[in-house]
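Shown next, in structure tokens, is the structure this report addresses.
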Amino acid sequence: MTDKIDYIEFPSTDRAATSGFFRAAFGWGATSYGPDYDAIDNAGIDGGVDQAPDKVGATMAIVRTEDIDAAERRVIAAGGVITKAQFDFPGGRRFHFREPGGNELAVWIARAE
């Protein structure tokens, strides 16, 4: 199976403060994608800081897949509950789900070029 965690997203009430903290504490960089989102650079895993109004409530691991529809079927068959239907974002498509123990995760696929 090719599905692997390759991104982690941190919700924040103050994107600039969170990104600044990561920079000061760990030397991680940030690339801004507007007023609500920064990508995290050089952290060992790709990630982001999200302060959008509809951000998730807790840190979320994001799994990359090669077939998002098949991954969604597997998540549901294994007992996961979709919390945010598939949607497009810059660079790809993803959906969110809650696993039976209560953690919210996402699955994404890169946009075909």
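Start counting the sequence shown at 0; every next residue gets the next number (numbering that gives the first Met the number 0). Cβ atoms here follow ideal geometry from the backbone N, Cα and C, with glycine treated the same way.
Asked	Found
Rounded to a whole number of angstroms, what is the C-alpha to C-alpha distance between phenylalanine 88 and isoleucine 39?	17 Å
Thinking arginine 92 and isoleucine 67 are a contact (beta carbons under 8 Å), I'd like their distance in whole angstroms, please.	6 Å
Could you spell out the range, first to last residue, of the alpha helix (DSSP H) harbouring aspartate 68?	67-76
Under the three-state reduction of DSSP, which class applies to serine 18: helix, strand or coil?	helix
What's the C-alpha gap between arginine 63 and arginine 73?	14 Å
With 16 other CB atoms within 10 Å as the buried threshold, where does phenylalanine 25 fall?	exposed
Are valine 48 and phenylalanine 86 closer than 8 Å when you measure CB to CB?	no
Please name the residue or residues paired with valine 80 in a DSSP beta bridge.	Arg97
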